[in-house]
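To keep things clear, I will list the structure first and then write my remarks on it.
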Amino acid sequence: MVAPRPALSLLLAVLACTGPARPSPPLLLRPRERERDSGGVNIAVVHSGSSLLPETAVVGGAGVGKPGQGPGNGPGGGGGGGGGGGGGGGGGGGAAGGGGGGGGKGVTDTALLEGVAAMASFSSTSFSSVLVGEIVMTPSGQANVIYLAVNESSPGSLLLQLCELLATTPLQGLVFEEERPPPPNRAPLAPMLEFVSAQTGVPVVAVGGGASLGREPQESGSIYLQFTCSTSLQLEVIFEVLEEYDWTSFSVVTTRHHGYEDFLAMVEGMTDGSFIGWEKKSVVILNVTDDPGGARTKRLLKDNEAQVRLLYCSLEEAELIFRAAWAAGQAGPSHMWFAVGPALSGLGLEGLPKALFAIRPQGWRDEPRRRIAKGVSVLTHGAMALWRDKGATSRSQYAGNCQSDGNQTHRVADRIRYFTNISIGGRDYSFNNDGYLSKPLLDVISYTNGRGWEEVGWWENGHLRLRYHPWSRYGSFLKPLDDAQHLRVVTLEERPFVIVEPADPGTSSCIRDSVPCRMPVNTSLVVDGTGPMKHCCKGFCIDVLKRLAKIVGFTYDLYLVTNGRHGKNIDGEWNGMVGEVVSNRADMAIGSLTINEERSEVVEFSVPFVETGISVMVSRSNGTVSPSAFLGLEPPRFLYLIERARREEEREKKKGLEG
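Counting in my numbering, the sequence shown runs from 2 upward without gaps.
And the structure:
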């Protein structure tokens, strides 16, 4: 019988990664008979990092454990058992199976959270990675987990390792986890694993760290699932943030990084013809590779007038762009940068702008073991659902390998549909046809100098909710920033000049033509973690403020005064709106405010921009009106007459509109 030929493209990939000097492994030409089914779902975990696999083995020796396989490579002999596991020392037991010879006892998936039961430090002349195994119980059934830790100096050997594993073990899925984004000198593993999925039909779940950076699917036929969101959804959330703060003017900064044309088209589609009235000031396309000194990048950034920038580029390019932004004075708190796209979700902490925002999936701070446990549960659910639907009689069915001919019988059309109805711990982990979570929970995170990344809001079921007190524009606990282009503005409700309404209870957002306004700004009220109450302000004064901000070019934080009203000097201390400006808690006050001599001594007024139209009429008499003509009116009655006149005027206007 002639052995099937290996998939040419996969073989070429192996040769390209390992180099032509290394001979092809025999398994590619003479595939061995697969191990007998050990029960449960076989899941491989590709882990790049150090926290999961320490140097010192829990079980002595250097074993290569596989579920259901007894002998290991350790010097002390093999450990039997259904748990799979490395030998060593004096014949150690299975990884989680509990002893030689007997069937392994399954443990709950907390084993994944508490650590690997059998770990080994393994170095082979053939492969530069580690295999250890354990059995866990997921909500959908038993899973046999095999860990592969990648040697950072030779990640290409991962292909050889996977082909070896696929040739001997029916694999139903692969979990990919990186503790951090890959270093610049190492090719990312995600394209390689997606390619393996396209060739073998084995589903891959990217769960966190560098693996959660997100990438648009590029391999036809692959099943590459991601615990993240698409670039399109990131943009949708970002534009909701911009709308929330009425930052309608922005620019786009991009390189020619993969997918940038799609990114530009998405921005155009979301803003063109929108009732929001977005103003895209410019599109700056940078070429940082041909600008080693950064002079041209610095000039282009400096010529960009917009304070809000949407950035799309690679991780390496972002470092150069931010360096140029600092040199151009464009990285301070007055310039808001939004990192968009797959590459920028894993930004570190070096050289970042003071006002940088990104969108990450919730759980981005989870421990690797917790993310891996979720990935194993997802793949186990998908495999069990497939077997039930197809009536599989053998666990080796629908498990591909590196052989081109054999893979066709293992492929399942529309296999991703088995991952469309998954719930783990009460949370929806269903995936759409593009491999992204159908109902992701996303965090809006901001970088604050000295505090690192902080969560400032979240997005769930199409609704955006923001926390206001840690927002980086206000600094830590709303302390003012030394930023001439961002103003703290205080106002007071007084219809029709300033109208205050509660935010929408369902979406926590403000309707168009109104802007968020906080109440209060007092920092003592946010110590317990309950931030300022959000309201929505609109009216004539708010329209003037928005127009003024657009013409002059500043951003603002609007809040409602809580200490008095307009402003009165009591025992030498001012309260109200005037007091906020005098004490430097606010840079500006806007509202219905009367100019008088006492107030003019402590604050500067603008030219009055509207008259109320309220007047007092008296009967005509000969001569001049005496200054004491109104003294006969008692103050309450006098105020009542003015208020009544104002209401009559509003009633007449309303009748005119209805007529």
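Yeah, the Cβ is synthetic: ideal placement off N, Cα and C, and Gly gets one too.
Cβ-based burial, residue i [other Cβ within 10 Å; buried from 16]
i      : result
VAL553 : exposed
HIS48  : buried
THR492 : buried
ASP558 : buried
GLY592 : buried
ARG652 : exposed
PRO503 : exposed
PHE606 : exposed
ASP247 : buried
THR170 : buried
THR381 : buried
ARG361 : buried
GLU351 : exposed
HIS464 : exposed
LYS480 : In this predicted model, LYS480 has a pLDDT of only 38, less than 50, meaning its place in the structure is not dependable enough to derive any value.
ALA414 : exposed
THR556 : buried
VAL242 : buried
GLY41  : buried
Residue interval of the alpha helix (DSSP H) (run including residue i)
i      : result
TRP327 : 316-328
LEU312 : Note, LEU312: premise wrong, no alpha helix (DSSP H); beta strand (DSSP E) at 309-313.
ALA199 : 191-201
ILE373 : 369-391
THR169 : 158-169
ALA296 : 296-303
VAL579 : 577-583
ARG600 : 598-601
Under 9 Å between C-beta atoms of residue i and residue j
i      : j      : result
ALA400 : LEU163 : no
ARG548 : VAL579 : no
GLU280 : THR255 : no
ILE423 : GLY392 : no
GLY202 : ARG416 : yes
VAL329 : LYS355 : Rather than Val, the amino acid found at residue 329 in this sequence is Ala. Cβ atoms of ALA329 and LYS355: not closer than 9 Å.
PHE339 : LEU357 : yes
ALA144 : VAL151 : no
ILE322 : LEU302 : yes
PRO517 : HIS536 : yes
LEU175 : ALA45  : yes
GLY540 : PRO609 : no
TYR560 : VAL604 : no
TYR225 : GLY260 : no
ARG452 : TRP459 : no
PHE420 : PRO204 : yes
ALA307 : SER275 : no
CYS538 : VAL562 : no
LEU311 : SER252 : yes
ILE373 : VAL197 : no
ASN43  : GLN200 : no
Where the beta strand (DSSP E) containing residue i begins and where it ends
i      : result
ARG466 : 464-467
LEU492 : Looking at the sequence shown, residue 492 is not Leu but Thr. Here the beta strand (DSSP E) through THR492 covers 487-492.
PHE541 : Element bounds for PHE541: not the beta strand (DSSP E) but the alpha helix (DSSP H), 541-553.
SER283 : 280-286
SER49  : 42-49
GLU461 : 453-461
THR556 : 556-561
ARG513 : ARG513 -> no beta strand (DSSP E), and no H or E assigned at all.
GLY174 : 174-179
GLN363 : Careful: GLN363 lies outside any beta strand (DSSP E) and carries neither H nor E.
GLY142 : 142-151
PRO609 : Premise fails: PRO609 is in no beta strand (DSSP E) and is neither H nor E.
PRO503 : 500-503
PHE339 : 337-340
ALA590 : 589-591
| query | Which runs of the beta strand (DSSP E), 3 residues or longer, sit entirely within the segment 205-268? | reply | Considered as a whole, the segment 205-268 harbours 205-210, 225-227, 250-255 as its complete beta strand (DSSP E) runs of no fewer than 3 residues, in chain order.
| request: Check whether the segment 278-292 touches the segment 317-328, taking contact to mean three or more Cβ pairs, one atom from each stretch, closer than 8 Å. | output: Because the criterion of three Cβ pairs below 8 Å is met, the segment 278-292 and the segment 317-328 touch.
| Do the segment 444-451 and the segment 354-367 touch if we need at least three Cβ pairs shorter than 8 Å? | The segment 444-451, when compared against the segment 354-367, does touch it at the 8 Å Cβ threshold.
| task | Please specify which runs of the beta strand (DSSP E), each continuous and at least 3 residues long, are wholly inside the segment 411-450, giving them in chain order. | result | List check, beta strand (DSSP E) in window: 443-449.
| said: Check whether the segment 428-441 and the segment 219-239 touch, using three or more Cβ-Cβ pairs below 8 Å as the test. | reply: When C-beta atoms of the segment 428-441 are compared with those of the segment 219-239, three or more pairs fall below 8 Å, so the two segments count as touching.
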